[in-house]
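Letter by letter, the sequence shown follows residues 65 to 546 in this note's numbering.
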Amino acid sequence: MITLQDLIFFFTINVSGMRYETQLRTLAQFPDSLLGDPQRRLRYFDPVRNELFLDRSRVCFDAILYFYQSGGRLRRPANVPLDIFMEELRFYELGEEIMDRFKEDEGFSKEEERPLPTNELQRRLWMLFEYPESSSGARIIAIISVMVIVVSILIFCLETLPEFRHEKEQREDTTGLRYTTIPHPTIANETISIPPGFNPFQDPFFIVETICIFWFSFELIMRFTCSPSKLHFFKDVMNTIDFFAIIPYFVTLGTELAKDKGAQPTVSLALIRVIRLVRVFRIFKLSRHSKGLQILGQTLKASLRELALLIFFLFIGVIIFSSAVYFAEVDRPKTSFTSIPEAFWWAVVSMTTVGYGDMYPETVGGKLVGSMCAIAGVLTISLPVPVIVSNFSYFYHREMECEDTTEYQHVSMRSLENTGEQQACPPGENLAKPILLDFCFVLLCTPAQNSFIQVRQSPGTMMLIMYSILELSLCVTEIHCK
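Following this line, the structure appears as C-alpha cells:
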C-alpha cells in the first residue's frame, strides 16, 4: 500500500539565478534551520514564481544542500574562504552544534566556557582584572597595567646603554675608595665596582624595577585569589607568562642579598644571565590587553599543522641544498663550505630569502645550486600562506562580530514546544504543516483582484492545494483511527 509519505514533492530554491530542486522531506530533516523551518523560509518565498529566492553564494549553497541531502555532512568548498563560508552557515541557521563540529573538522579547538566566581565580591574583582571592557574601573586598571609593562620593557632596554654604564662608573670612581667588583644585578655580561658603603639597591633602575614587580605581583595574586577555577588558572598560558615575568627579579634580589651578607652565590653566572633574559618576555603580557596579539596567537595555534609542514619542507630543502653546494664548492680553495653542517646556515638563509652574504658560492655549479635553493625557498614558504591568511581573517571577523553582536529572537514552533504550549501532532500533520503554510503565503501575497485567476492558472499552486487537501485527509484519518 502506497502511503502519502511516499509521494515525492519537489521544492524549488533559486540561489542567485541558479535553480535547485529538492524534496521537502530532505529539508525537514533539520527543522531548526532556515530551510527546514517553514516559517523562516517563507520570508524568502516568491509567490509569482512559486519558488524560494536567496541572494546568496551559489558555491556555498552546493555544500549547504549536500548537508541536507547527506543527513549532516558539512564540507567547505576548497575555493571558498573560511570566513565567507562561516557567514553563510550563520545565514542558513544550521545551529551552534553544527558550527562547532565544523570548526573541529577545520582544525579549530573548541572554545572552553569561562565560568564566573559565585561570590559577589570575587566576581567583581575578577571582572575588574580579567575583563578590561566591563567597567570604567577595569579600563583604568588595564591602562595602568599597560603603562607598567611599557615602563618595565623600557628600563630593561635603557639600562644597557653605554651612557648609563659610564655614568655609574664615573660616580663610583670619584670616591677614591677601594672597590669590589661584582656582576651587574640587571645587565648580563657586565660588572660593577662597589666601594665600601655603596648600596646597589639605591640604583634608580632597580627602584623602578621594584615598583613594576610590585604591581605585577599584586595583579597576579588578585587574579589567583578571585579565580573561579584554580586548575584552569594554572593552565592558562597568560598566567604562566605573568609568573615567569617576576621570577628574575626575586632571583636577582636573593643573589644580591646573599652577596651583601658576604655569602658565596650558589647560582651560576650563566644561569643568572638566562634568568635575566626572561625579563624580555614581559612584552607578551601586552597580549592580555591587545586584541591584535590575541588574534595572532589564535591564528598561529590554528595553523600549527601548516607551520609544521612548512618546517618539515624547509628541513628537507636545507639537507638537499647544503649537501649539493658542499660538493659543488669542495674543490674551491679557501671555500666557506668546509662541511655539510657548515652549509646548513647558508641553506637556511637562502631558502628564507634573507641572504646575509657571509657565505656564498663562487663556482658555476654552486651558483646554480644557490639559484635553485632560492626558488625552492620562495615556493615552499608561499604554500601555507593562504591557509594562515584564511585563519587570520576568520579570527579577525569573529572578533569584530563579538564586539558588534546584535541578538535576534526568532519566533518558531520549537519555542512553543519548549514552553509546553504546543501539543503533540499526529505523524501526518508534520508533513502537512509546511505545505499549508506555503499555500497560505501564496494566497496572502497574491493581488486580490486576480487571486482566483492566478491560483487556477498556476500549476504549482494547484499542486499545493491538492497536496494540502490530501495531507489534511490523512491527518483526519489518523486522528479518527486513534
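Just so you know, even glycine gets a beta-carbon here, dropped at the ideal spot from N, CA and C.
#### Entry: residue 130 classed as buried or exposed, judged by whether at least 16 other C-beta atoms fall within 10 angstroms
exposed
### Message
Quick check on residue 197: does DSSP put it in helix, strand or coil?
### Response
Coil, per DSSP.
### Message
Once the 5 residues before and after residue 215 are set aside, which same chain residues still bring their CB inside 8 Å of it?
### Response
272, 276
### Task
Pull up the distance between the alpha-carbon of residue 187 and that of residue 268, whole angstroms please.
38 Å
### Query
Looking at the structure shown, is residue 114 part of a helix, part of a strand, or coil, going by DSSP?
If DSSP states are grouped into helix, strand and coil, residue 114 belongs with coil.
### Task
Please check the pair residue 547 and residue 316, which I expect to be a contact at CB under 8 Å, by giving their CB distance rounded to whole angstroms.
Summary: the structure shown does not reach residue 547, with the chain confined to residues 65 through 546, and so no result is reported for it.
#### Entry: Segment limits, alpha helix (DSSP H) that includes residue 105
102 to 105
### Query
For residue 412, which residues from the same chain have a beta carbon less than 7 Å from its beta carbon, with the 5 sequence-adjacent residues on both sides left out?
382
### Query
If residue 401 and residue 390 are in contact, beta carbons under 8 Å, what's the gap, nearest whole angstrom?
5 Å
### Query
Which residue comes first and which comes last in the alpha helix (DSSP H) that contains residue 286?
268 to 290
### Task
Report the three-state DSSP secondary structure of residue 442 (helix, strand or coil).
Note: residue 442 maps to helix in three-state DSSP.
### Message
Just to confirm, is the Cβ distance from residue 286 to residue 185 under 8 Å?
### Response
no
### Message
Which of the three DSSP states is assigned to residue 455 in this structure?
### Response
For residue 455, the three-state secondary structure derived from DSSP is helix.
### Task
Count the other C-beta atoms from every protein chain shown that fall within 10 angstroms of the C-beta of residue 298, then say buried if there are 16 or more, exposed otherwise.
Exposed, by the Cβ-count rule.
#### Entry: Cα-Cα separation between residue 449 and residue 424, rounded to whole angstroms
28 Å
### Task
Find the nearest neighbour of residue 289 within the set 454, 427, 182, 218, judged by alpha-carbon distance.
182
#### Entry: Supposed contact pair residue 293 and residue 179 - C-beta distance, whole angstroms, cut 8 Å
Contact holds; Cβ gap of about 7 Å.
### Task
Could you round the C-beta distance between residue 392 and residue 430 to whole angstroms and report it? I think they count as a contact, below 8 Å.
Rounded to whole angstroms, the Cβ separation of residue 392 and residue 430 is 4 Å, and the two are in contact under 8 Å.
### Query
Since residue 85 is in the beta strand (DSSP E), which residue starts that stretch and which ends it?
82 to 87
### Query
What are the boundary residues of the alpha helix (DSSP H) that residue 389 is part of?
368 to 393
### Message
What residue range does the beta strand (DSSP E) around residue 75 cover?
### Response
74 to 79
### Task
Taking all protein chains shown into account, decide if residue 77 is buried (16 or more other Cβ within 10 angstroms of its Cβ) or exposed.
buried
### Query
Does the segment 114 to 131 come close enough to the segment 77 to 86 to have 3 or more Cβ pairs within less than 8 Å?
yes
### Task
Give the DSSP bridge partners of residue 109, in chain order.
116
### Task
Tell me where the alpha helix (DSSP H) around residue 353 begins and ends.
Where residue 353 is concerned, there is no enclosing alpha helix (DSSP H), given that its DSSP letter is neither H nor E.
### Message
Measuring only the C-alpha atoms, how far is residue 107 from residue 101?
### Response
11 Å
### Task
Over the uninterrupted alpha helix (DSSP H) stretch that includes residue 413, give me the two end residues.
404 to 415
### Query
Going by Cα to Cα distance, which pick from 358, 428, 213, 156 is closest to residue 124?
156
### Task
Quick one: grab the DSSP three-state call for residue 98.
In this structure, residue 98 counts as coil in the three-state DSSP scheme.
### Query
Over what stretch of residues does the alpha helix (DSSP H) that includes residue 122 continue unbroken?
122 to 133
### Query
Looking at the structure shown, is residue 303 part of a helix, part of a strand, or coil, going by DSSP?
helix
### Query
For residue 344, does the count of other Cβ atoms within 10 angstroms reach 16, so buried, or fall short, so exposed?
exposed
### Message
Tell me which residues share the same chain as residue 471 and place their Cβ nearer than 7 Å to its Cβ, disregarding the 5 neighbours each side in the sequence.
### Response
Note on residue 471: pLDDT 36, under 50, position unreliable in the model; the coordinate value appears next. Within its own chain, no residue has a Cβ closer than 7 Å to the Cβ of residue 471 once the five positions on either side in sequence are excluded.
### residue 423, DSSP secondary structure in three states
coil
### Query
Which residues bound the alpha helix (DSSP H) around residue 155?
146 to 155
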